[in-house]
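What follows is a single structure, written as C-alpha cells, with notes after it.
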C-alpha cells in the first residue's frame, strides 16, 4: 500500500499553519509523497479560518471530480470548535449544494478531518494526554487547548508533530475523542 500511496496527489484546505504542519508530517509518515499534497490555508489576517475552508471546499471538490480517473484527493481539515463534527460536515455539504454540486459520495477521495475543539485536542491525545473533553475548554475560565499546547511544546512543536504522526500510524486510538475516531475513518477514504 505504501507504494500506491506515493502516487496520490491532493489538495488540503486547512485553517492554520499548525494544522498544515501536522498534516504534512502525517501525510509523509503514512507513506504519501511529500510533494504531492498542496496546502491552502487562510492568509494571515484574512478572516475566520473555518469560513475560509468552507468557502474553498466546493472549488476543490469540483476540481477533484473533473479529474476523477486520477489518484487525487481533497482533505478539508477544519476545527469543530463549539459546533462539532456533524455540524461541520453539514456545513461542508451545504457549501457543495449551494454551488450546485452534489454532496460527496462514499467512493470519492474526499476526507473531512474535524478535530473538536481544535487540532491541539488531537495532538494532546496522540501524545498520550488523557481526560480531554471535546465539549468544553480545559477549564471554564482557563487557557484554551491552543494556549496549553503553546506552553507545553514551545520550541518543540516539530518533534511533537512527528511523535503525533507516528502515534497515528501505529494505531493509537483515544475513544474519548469521537472526532478523532471519525478523523481516522475519514482519512482512510483517500487510500488507493
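Residue numbers (the numbering used here): 1064 to 1255. Glycine is no exception: its CB is placed at the ideal position from the N, C-alpha and C atoms.
According to the Cβ coordinates, are residue 1117 and residue 1174 closer than 8 angstroms? As a first step, residue 1117 is located in the chain shown; it is residue number 54 there, counting from the start. As a first step, residue 1174 is located in the chain shown; it is residue number 111 there, counting from the start. No, these two residues do not count as a Cβ contact at 8 angstroms.
At 3 residues or longer, and completely inside the segment 1155-1210: list those beta strand (DSSP E) runs for me, N to C. Those beta strand (DSSP E) runs which fall completely within the segment 1155-1210 and span 3+ residues are 1173-1176.
Which one of 1244, 1246 and 1227 has the shortest CA to CA distance from residue 1084? For the purposes of this step, residue 1084 is taken as the residue at position 21 of the chain shown. The shortest C-alpha separation from residue 1084 is found at 1227.
Tell me which residue opens and which closes the alpha helix (DSSP H) that residue 1103 is part of. Taking the chain shown and counting its residues from 1, the one referred to as residue 1103 is at position 40. Taken as a continuous stretch (DSSP letters only), residue 1103 belongs to no alpha helix (DSSP H), being part of the beta strand (DSSP E) at 1100-1104.
Using CA atoms only, rank isn't needed, just tell me which of 1137, 1106 and 1152 is closest to residue 1124. Counting from 1 along the chain shown, the entry for residue 1124 is found at position 61. Nearest of 1137, 1106 and 1152 to residue 1124, Cα basis: 1137.
Residues sharing a beta bridge with residue 1075, DSSP: In the chain shown, the residue the question calls residue 1075 occupies position 12. Its beta-bridge partners are 1102 and 1138.
Under 8 angstroms, with one C-beta from each stretch per pair, do the segment 1088-1104 and the segment 1142-1152 reach the 3-pair mark? no
State the Cα-Cα distance for the pair residue 1217 and residue 1168, rounded to the nearest angstrom. On the chain shown, position 154 is the one that residue 1217 refers to. On the chain shown, position 105 is the one that residue 1168 refers to. Taking the straight line from one Cα to the other gives about 40 angstroms.
Please look up how many angstroms separate the CB atoms of residue 1079 and residue 1104, rounded, as I've assumed it's under 8 angstroms. Here residue 1079 corresponds to residue number 16 of the chain shown, with the count starting at 1. Here residue 1104 corresponds to residue number 41 of the chain shown, with the count starting at 1. Right, the Cβ-Cβ distance comes to about 6 angstroms (below 8 angstroms), so this counts as a contact.
Consult DSSP for residue 1213 and reduce its assignment to one of helix, strand or coil. Locating residue 1213 in the chain shown gives position 150, where the first residue counts as 1. Helix, per DSSP.
What residue range does the alpha helix (DSSP H) around residue 1093 cover? Position 30 of the chain shown holds residue 1093. No alpha helix (DSSP H) contains residue 1093, which DSSP labels as neither H nor E.
Assigned secondary structure, residue 1132 (DSSP; H/G/I helix, E/B strand, else coil): Translated into the one-based positions of the chain shown, residue 1132 becomes position 69. Here residue 1132 sits in coil by DSSP.
Can you give me the start and stop residues for the alpha helix (DSSP H) that residue 1241 sits inside? In the chain shown, the residue the question calls residue 1241 occupies position 178. That run of the alpha helix (DSSP H) goes 1241-1251.
Spatial neighbours of residue 1239 in its chain, beta-carbon cut-off 7 angstroms, leaving aside the 5 residues before and after: On the chain shown, position 176 is the one that residue 1239 refers to. Counting only Cβ-Cβ distances below 7 angstroms, and skipping sequence neighbours, we find 1195.
According to DSSP, is residue 1069 part of a helix, a strand, or is it coil? Here residue 1069 refers to the residue found at position 6 of the chain shown. Residue 1069 falls in the coil class under three-state DSSP.
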